[in-house]
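Below is one structure; the comments refer to it alone.
4 protein chains.
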Amino acid sequence: MQDILNDIYTTMLSRTDRGQVANYIPQLACVNPEQFAITVALPDGQVFSAGCAETLFSIQSISKVFTLTIALGKLGDAVWSRVGREPSGDPFNSIVQLEHENGKPRNPFINAGAIAVVDAIMMGHQPRETLGEILQFVRFLANDESIGIDEKVAQSELTTGDRNAALAHFMAAYGRMKHPVDQVLGTYFHQCAISMNCLQLAKAGMFLVSDGVNKHTGIRVVSAQRARRINSLMLMCGHYDGSGEFAYRVGLPGKSGVGGGILAVAPGKASIAVWSPGLDSIGNSKLGTEALEMLVQHTGWSIFGH
Amino acid sequence: MQDILNDIYTTMLSRTDRGQVANYIPQLACVNPEQFAITVALPDGQVFSAGCAETLFSIQSISKVFTLTIALGKLGDAVWSRVGREPSGDPFNSIVQLEHENGKPRNPFINAGAIAVVDAIMMGHQPRETLGEILQFVRFLANDESIGIDEKVAQSELTTGDRNAALAHFMAAYGRMKHPVDQVLGTYFHQCAISMNCLQLAKAGMFLVSDGVNKHTGIRVVSAQRARRINSLMLMCGHYDGSGEFAYRVGLPGKSGVGGGILAVAPGKASIAVWSPGLDSIGNSKLGTEALEMLVQHTGWSIFGH
Amino acid sequence: MQDILNDIYTTMLSRTDRGQVANYIPQLACVNPEQFAITVALPDGQVFSAGCAETLFSIQSISKVFTLTIALGKLGDAVWSRVGREPSGDPFNSIVQLEHENGKPRNPFINAGAIAVVDAIMMGHQPRETLGEILQFVRFLANDESIGIDEKVAQSELTTGDRNAALAHFMAAYGRMKHPVDQVLGTYFHQCAISMNCLQLAKAGMFLVSDGVNKHTGIRVVSAQRARRINSLMLMCGHYDGSGEFAYRVGLPGKSGVGGGILAVAPGKASIAVWSPGLDSIGNSKLGTEALEMLVQHTGWSIFGH
Amino acid sequence: MQDILNDIYTTMLSRTDRGQVANYIPQLACVNPEQFAITVALPDGQVFSAGCAETLFSIQSISKVFTLTIALGKLGDAVWSRVGREPSGDPFNSIVQLEHENGKPRNPFINAGAIAVVDAIMMGHQPRETLGEILQFVRFLANDESIGIDEKVAQSELTTGDRNAALAHFMAAYGRMKHPVDQVLGTYFHQCAISMNCLQLAKAGMFLVSDGVNKHTGIRVVSAQRARRINSLMLMCGHYDGSGEFAYRVGLPGKSGVGGGILAVAPGKASIAVWSPGLDSIGNSKLGTEALEMLVQHTGWSIFGH
């Protein structure tokens, strides 16, 4: 495995077309696009990495997997009255679908859906409390108390968050927000600003590898059925309107973030975190996707074969 | 396995809400909605069935899997210049996406995409020849020379095919049809009118179970990579705007048809055909989906767990 | 003329289907739907009324005519870099068109367009100052210093303004707002809360009757060309996705508000204000439209005949 | 008047940017873009022209005014169960609106609407008979028996009519076509291929100038109300998604065709035909619009002033 990762790392180092670093969040635009890291965590406890696997980055939309898991724990299937579970066929920040479908987001991984999920888990609490709960859950998943929030990124998003504010107010206009829009957005922007490195992120995804049990800690996080369903949502919707492409090329459930990270899950086999800041035109990590494609070619981990 | 299928069959027999038989194709509207069949074909050669597994039904859109496979064999990746590989988020017969995206269908499993695939594989031949080629390929896959076309259904579609004619002419207006629209539609309507039973259909899907090799015949049909990619497309787009729901509930690549059939693939484990004519509001077999959900609960075959 | 108005008034009194009072702004929902008023102001100074023509109502979107006039005065044709001048074919509060056209509203009379116009005329000033300017202009047009703002209505809109907030933030996300969204919205909500009666409103429209000159005061307000262009925009876009219907039935440039008022202009002949709080399904005054239809039938004032 | 037209003609001669001749109908692409003609017909019988006012051109969509008039005569208000009367906000050949609104075209002047109107007036007759009726009506309006159809243009449209075929089949799929699609399209393509010159076209529009009476012949063609309503539809929808622009700049009801012609009506004042083959990006005659703008500036004929 280490050889495979080294090989991937070397290949990625040589790539000249690395995509574009997200520029709509000023703080993200500062990140050096030359960086690359990958970590593979196996159920038997082994962890392999290549590149700067201890460098922190902003997990951004990958956090949506964790908040969805919290929401399912708190509300169960009632979550699905707030968001759907179909691919939208539209970009991550599109508002068209909301107008056509009474303000109900298609799935929990487009921005509107993730904002609705945050609203669902707040349950009358203050942003600080909800945020603390999210952070605590992520630390628990990764078994790492050092995980925190990059306040600069959070502030950076606040000052440029008009698109998300539009989504939130639009849902509010349909009576779909139970808390003040600015509180929900504040929580959402901070959740997206959680900083993790590939080591931490791969560990945090372990519970999705083994039917709900984190084999590193031995703790059951969710039921087997729920773990499978979260994986199905990641596959169907985890890369926005590039989800079909990711399934075609990589063949693993995965969730990307505009910080350049991707968390991918090979059920029964591994939790994989990859990071490279340059994005493709849809907003998914360009080299991250290529690295996962290489990894799956070497390991045969696609869920579409055996 | 036989016990499981018997159990499923008994449960389905007792269902009172069986959905609606497709009524827009007159010939399909005549089918008795009380029927149910399921077949599970294993790589080791064993085949299990329950219900009327030898009753023929119209495979309709399930045929799109076979024509896509032919097209990939003939054109390779050039297929993707004709159709995309993303979920559309729209109903199977929607035309809106075509106007927004220069007449290029989002994927090969919506109607527009399947029509474009037929046009791609015609390559200057007459409808009769192309149709013969499709039929021959399906017979080869199922290892059954008796498979044929229900001419009544084909005629029935011709007389009610205005929606598909609109899709074809619309693509033609963007210069995307290489053959006369009526010839392509004639071929398409006949391809959809192929009649198979669950036994035949499960066998025809075997090549997708074992990375491209039909273990019953020992013949490699496509490469491992291609088999996986076809599976990924079935998962992402095989149930139209109900694909997310199917992935969430069943967790297997599958392709439905408005005749009430579903072909599902459990990679490495089984090819499954199920049939019940009643459809849900999106156009997928209602009991068929429920039966597959039960089967996966009993067997743990979801690709999202291990 | 007085006989005609009396006749219209009597007819409207007998109507039982009066439409629905706007209920999304709580303060407007309290208005008694039984009320009706009409005023016709002629260039020769004569003014005729029937019904409660001195009862104040919330002019709401009719204010958009006045802010557009201000914007054209301040920015000239540069206004058209901020908003278009085509009917949108969508409801007044739709956001779909904005996403398809880079955040530029189709015209100044849909909500998004009117918000963009307010942003355009603020020019660095505070909401209070801009609001003062708008109010001053309306008083000048109507030659009536008593016109004011209904603060209760303005507050009522603030608490329910999520849809408009979504529109404003969405435009801001495209870099199209020069001032803070909450300041623009605050100004916009107050502008909509201007209270006028039919007498005042008819007088305020006089400048559009006589090619830019208010014949009652003798003052030229805008050039002849500009008056005609404002009239053309009122005809094309003044009743949202009911503009075609209004042109067909009434045949006069007009602008409606969800308070139930309509300002209509018969070039060379009269300025007409009508008010009845009940709205049709599109959001235009039901009886107001019917009254104008009767008036035009009696007077032959349609701009489409002679 | 002759001086004004000469002045306009001279100005137009000097224009270098003449737009693009329609290239999607091969036969139209052959027309020399340097040509220009204008005719103004007054109710008192006077007719003024400049340029090649006797050169025939393809009236294309201008024919939709005549078929709508026939349909209103045959069906009365029942026409409005087939088509709406609102601007669509979309291009002339868009299909999106049809899918969103159950296959009912927004208005009779977009292609889908005009096709629906043809279907409405066929009433069981053959294309040849319907076409004869349309041609006879146009000859009657223009008081000129020499008007005919350019068969080459009609054939040219048939071979490139996929977009219109898509619209027709799409409506048929909603049960909105009473006759075979190919018969309706054949009639429609021939109707669009009627050849007229500016002299004939201006005369054919006379009945819309004087409240339904053609003052040149003294014959009442339609009621005053109907003439006004047709004018309102021309203003609102006559230039597709450029109707707002035309109303803003010219201020007259008008109908354009991709052959480069425009018929404009100044109620009570004149019927105007203008022709120049080059089109703007929306599909309306570029110089034709500019010429009308000049004419209205000189004459003050805008319906939005007095």
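Protein chains in written order, with numbering that gives the first Met the number 0: chain A, 0 to 305; chain B, 0 to 305; chain C, 0 to 305; chain D, 0 to 305.
Every residue, glycine too, gets a C-beta built ideally from N, C-alpha and C.
Note that the structure is a prediction, hence the values are computed from the model and not measured.
C/I3 and C/L294 have their C-alpha atoms spaced approximately 7 Å apart. The residue among C/N5, C/S255, C/F303, C/A269 with its C-alpha nearest the C-alpha of C/F108 is C/S255.
Neighbours of A/C29 in chain B, taken as residues at a C-beta separation under 7 Å, are lacking, since the least C-beta distance is about 32 Å. A direct Cα-Cα distance of roughly 22 Å separates A/I281 from A/F65.
Here the region 91–98 of chain C makes contact with the region 82–102 of chain A; the two share three or more CB pairs at distances below 8 Å. Pairing C/I114 with C/L55, the inter-Cα distance amounts to about 24 Å. Against chain A, a Cβ distance below 8 Å from B/I302 picks out P266, I302, F303.
Just so you know, the alpha carbons of D/L130 and D/L157 end up roughly 15 Å apart. Rounded to the nearest whole angstrom, the CA to CA distance from D/S60 to D/V257 is 7 Å. DSSP places A/Q19 in the strand class (E or B) of the three-state scheme. In the three-state DSSP reduction, D/G253 falls in the strand class (E or B). Residue burial annotation: C/A192 is buried, with at least 16 other C-beta atoms found within 10 angstroms of its C-beta. In the DSSP annotation of this structure, A/M205 is not part of any beta strand (DSSP E), being labelled neither H nor E. Per DSSP, the unbroken beta strand (DSSP E) holding C/G260 starts and ends at 260–265.
Chain A places no beta carbon closer than 8 Å to that of C/R228, leaving this residue out of the contacts. Residue state for D/L278 is assigned as strand, using DSSP reduced to three classes. CA-to-CA, the gap between C/Q154 and A/A165 works out to about 21 Å. Neighbourhood of A/V95 in chain C, by CB distance below 7 Å: V95, E98, in chain order. Sixteen is the threshold: when 16 or more other Cβ atoms of the shown chains lie within 10 Å of the Cβ of C/N230, as they do, the residue is buried.
Contact note: B/G250 reaches chain A through R227, S231, using a C-beta cutoff of 7 Å and chain order. When the Cα atoms are used, D/Q125 and D/L184 turn out to be separated by approximately 12 Å. Taking a contact as a CB-CB distance under 8 Å, the pair B/F35 and B/M0 does not count as one, their CB atoms being some 17 Å apart.
DSSP, read as helix, strand or coil, puts B/R175 in coil. The beta carbons of A/G253 and A/M233 sit closer together than 8 Å. B/S87 reaches chain A at G88, counting residues in chain order whose Cβ is nearer than 8 Å. Listed as beta-bridge partners of D/G147 by DSSP are D/S194. Counting C-beta pairs closer than 8 Å gives fewer than three between the region 269–276 of chain C and the region 130–149 of chain C, which falls short of the contact rule.
Taken in chain order, the members of the region 165–176 of chain C whose beta-carbon sits within less than 7 Å of a beta-carbon on chain A are A165, H168, F169, A171, A172. Going by DSSP, D/V116 is part of no beta strand (DSSP E) but of the alpha helix (DSSP H) stretching over 110–121.
Per the DSSP secondary-structure output, D/F47 pairs in a beta bridge with D/V39. Nearest C-alpha to A/V212 among A/P266, A/V249, A/G123, A/S194: A/P266. Sequence-distant partners of D/I120 (beyond 5 residues in either direction) whose C-beta falls short of 7 Å from its own C-beta, in its chain, are T66, I69, A70, K73, T129. Around the C-beta of C/C197, 16 or more other C-beta atoms lie within 10 Å, and the residue is accordingly described as buried. Contact of B/R162 with chain D by beta-carbon distance below 8 Å involves H168, F169, A172. Pairing A/R105 with A/G123 gives a Cβ-Cβ distance that is not under 8 Å. A/K151 is the residue among A/V117, A/T38, A/K151, A/D76 whose C-alpha sits nearest the C-alpha of A/A28.
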